[in-house]
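Worksheet: one structure, shown below.
In the working numbering, the protein residues as written are 1440 to 2561.
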């Protein structure tokens, strides 16, 4: 219509002579418009248009097939059929998980399921009856294809079998080690198939032929045995009888995983992120799919309808049928198995979701009743940054988080683990883990802040004794003293309440608190139900009935009062109750209570505002009865009301909260389908996209699953709290979300908890669903604070981190608590002794080896501080704790560094001292040259002048002057020789010194006519003397020999050199006149010789002894260290 208006001709003037011409142009314009309309219609008819239609599930669609009677089916985790304009799930029986199917007609369907023992079960549904057929393989069935209603082909890992009227005939194994995933053929003697690894084979008359070798085939389709198509990484092939032909080669083909050849020979390709391509007449053309999910399968019905299925339950349709367009609410889950190879992720009971590694992403811990526990470390930053398949890595063993005790060689299969709770029990800023065991002692794993754990279960006061079949645990600050206390529900003994002393050590106060029981305890949860600030307690029992306790603690005295009889809880007979959860289901600001039962209806109790619970189960939940284990509340669809997920024996159930008035079952619509013996469940925003995700444990009958919430638009507000005066996790803190439109309109209420549901614990981050464009206000009340915090202008997409205090006050309170807790912790006493020992040792070193030189002083102090810092870093970063060998590693490293420092400074000081001594030696040599040599040379000069003058006097005694000059020259030469000898490093040995003394003694005594006797008992091996000691020994002996010549009048001397007890000993004796040591004899007081000898001996630390007797000569002994 708009086109006609745009081309509408002007009004014609009837009086104009141009009327005929105008009429012609008007007709031409109309014709042109008609041609344009036809062209547009033709183009529209030739283009391929797809619409999104409702699939009734959010699970990934793996295959869409059309049967011979034009019935359409798809398979996700269940089988769905298209009937009367909509898709609905077929209620077929099975055991395990359906993993394959093939529809022959709407009343004839073959399907298989995978079992927990890695085998499959085959089912045949026909004419309203399901027949259980024994499978042909020992492993999973990976492919099913039927040639007609009676004959089909089944596949497994390299295995193929023909099914003929329900009986299986095994074929020869295929030449591959991979699973066969797709089959097509006209007969059992001629068919094609591809493997999981992209190998493409043809089986004909008993022979396998590998086609398109070197290519990885992702999909194929055949019209008949001689005409088909195949899609590889970047090529589209025509498979012909005589050859293969490349139809298209394009890098963009690598993004496509499936294709369909339509009846008009057009090829439609589907793949990654909703991409569609059309291939026709040799050209590839993009088609707008209108979706962004990965597409995995295509099928076409005989009447031409095209169906495309993919991720998150997405279905696209193109055809003539009038099918309602899907109104996309962007709500639901995509299911993931965290270990997708080798094993089933079953045997899981209690589930914990919290950030244990400290990287800001919630990790998943699952307690396995028989197998080793699993810790799935989260490496997802968003949905597009997956590592491997799921974005998680199982690291329980390498992070010492399995719960095994080091003294136990291996974990006993009879331990039977069950429950978990996670909380910061020692207020050090990380999540610790408490594990409940049905047999053996419970476990407490302390986190080092980086996700590595230390098992302290064998230590006293860790609440880890054998508590007789512990099922679950919950943490809360029941006395509001700033640390988390622990409640453990036990099946065969009394439940236990343990008070935390502030250091992570617990003391049993069950009896004094009024919580003793006779057994049957299953699960527990804390919440403030009467708004008095104290956490109250609900406990589920298998027998007798469930209990509700009001916390009446006051002034540090902990006590609970049983108020069950005042509530509707008392009206219910024992029903083997399991999960117990508090949640505000109607947004009235009060915690309501849900209890899951095994033997009767589940129960929802609405809080009347005073802590009295009123049974409104039928009104909210309806009459359905399930065998329920776990339960968890969260606003999964972000509509402002908390929804409910039940993990059951059988089919799990997702309940959508309808405006706080009732719950409706929407399991399939949300893609939350899971069956088996499902156990614990926990929530958290594991992919950090603003909505709440869900993990559900499965004990048997299937694998556990992570359900990622796929909500598109951000319609949430996230709040994470940190306690400063309160416990670090802010357990017990309350958060109200208030709508700004109406200040008194409560849009949501949450309380931070640590433990609930079925032996599980969810992330402590609070998530509210909100309306986009609406402003809100947050009201926050911490358990130990009298102040109430308000945050304004809150909107969708906001993420708020709120600490109880800020600034200097927060820093002081946090650090003072940390220091006080560390000192008070008895486990840290050995640590304190280590610190004290190192500090004392460093102070001793600094005092003992104190240097007056500023550079060395600075090095000593800075190095000591550095050693202390390194010690602290190692001690805090690594799990070195008493009593173990590793406890000594940090102090050992510190001592090693201190030793290096000591040796280094001593070496440095020694070098400095050596340099100083060299300077002193040079100065001494300079003085000696000046004092001895210079004076001697001066005397020679004087005598030479005198002799020159004496030549002019005939009577002068020229020979005497000549002898004087000669003698002085000899002395000068000897002095020069001594100086050279004393400065040469080659002479730094005892042997060289003794040889020098021997030569000098022999020469000087011979020249003076004195007999000398020399006895040398020195080993040949060279023994090093320092330069100063060597020179002082030589000068002492030289001075002693001069005294013998000048003053003793001796005719003979004796010199002995030997080693005595590792020390050197020089002995010199003469037969001279001697002197009286007690009197000032002329011999004793003549000159400074004796004084110099004693000074040199003292300087070098020698033991110098001089013994002289009048008339009996003198004896000198020098003892020195070598």
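Where a beta carbon is used, it is the ideal one built from N, C-alpha and C, also for glycine. These numbers were taken from a predicted model, which means no experiment stands behind them.
As summarised for the stretch 2177-2235, the continuous beta strand (DSSP E) elements at least 3 residues long and confined to that stretch are 2185-2190, 2205-2208, 2215-2220 and 2227-2233, given in chain order.
In the three-state DSSP reduction, residue 1753 falls in the coil class, being neither helix nor strand. Note on residue 2544: under 16 other CB atoms within 10 angstroms of its CB, so exposed under the neighbour-count rule. Of the candidates 1953, 1871 and 2121, 2121 places its Cα closest to the Cα of residue 1789.
Sequence-distant Cβ neighbours of residue 2542 in its own chain, meaning closer than 6 Å and more than five residues away, are 2558. Between residue 2172 and residue 1913, the C-beta spacing is not below 8 Å. Note that the C-beta distance between residue 1489 and residue 1729 is below 8 Å.
As the crow flies, the alpha-carbon of residue 1858 is around 17 Å from that of residue 2085.
Spanning the alpha carbons of residue 2250 and residue 1967 requires a straight line of approximately 29 Å.
About 22 Å separates the beta carbons of residue 1855 and residue 1871, which is beyond the 8 Å limit, so they are not a contact pair.
In this model, residue 1506 and residue 1521 are separated by some 11 Å (Cα to Cα). Linking residue 1719 to residue 1708 through their CA atoms gives a straight-line distance of about 11 Å. For residue 1886, the three-state secondary structure derived from DSSP is strand.
Between the beta-carbon of residue 2073 and that of residue 2038 there is about 27 Å, and that puts the pair past the 8 Å contact cut. DSSP places residue 2274 in the uninterrupted alpha helix (DSSP H) bounded by 2268-2287. Judged by DSSP secondary structure, residue 2436 falls within the alpha helix (DSSP H) whose first and last residues are 2429-2446. Note: residue 2311 is not bridge-paired with any residue in the DSSP secondary-structure output.
Distance from the Cα of residue 2243 is smallest, within the candidate group 2163, 2170 and 1641, for 2163. DSSP, reduced to helix, strand and coil, places residue 1504 within a strand of the structure shown. For residue 2295, the secondary structure class from DSSP, reduced to helix, strand or coil, is helix. Taking C-beta separations shorter than 6 Å and ignoring five residues to either side along the sequence, the partners of residue 2002 in its chain run 1987 and 1989, following chain order. The alpha carbon of residue 1726 has as its nearest neighbour, out of 1706, 1744 and 1742, the alpha carbon of 1706.
In the displayed model, residue 1949 falls within a helix according to three-state DSSP. Judged by DSSP secondary structure, residue 2476 falls within the alpha helix (DSSP H) whose first and last residues are 2466-2482.
Counting only residues of its own chain and dropping the five nearest sequence neighbours on each side, residue 2332 has a CB closer than 8 Å to the CB of 2309, 2310 and 2313. The alpha-carbon separation between residue 1653 and residue 1636 amounts to approximately 12 Å. Between residue 1770 and residue 2150, the beta carbon gap of about 6 Å places them in contact (Cβ cut-off 8 Å). Rounded to the nearest whole angstrom, the C-alpha separation of residue 1605 and residue 1588 is 10 Å. Our two residues, residue 1774 and residue 1518, have alpha carbons roughly 16 Å apart in a direct line. Looking from the CA of residue 2450, the closest CA among 1756, 2510, 2430 and 2460 belongs to 2510.
The residue among 1948, 1805, 1944 and 1570 with its C-alpha nearest the C-alpha of residue 1935 is 1948.
Rounded to whole angstroms, residue 1502 and residue 1513 show a C-alpha spacing of 6 Å.
In the structure shown, residue 2536 falls within a helical segment according to DSSP collapsed to helix, strand and coil. CA-to-CA, the gap between residue 2117 and residue 2261 works out to about 41 Å.
Across the set 2240, 1695, 2186 and 2338, the C-alpha of 2240 shows the shortest separation from the C-alpha of residue 2161. One Cα belongs to residue 2178, the other to residue 2128, and the distance between them is close to 23 Å.
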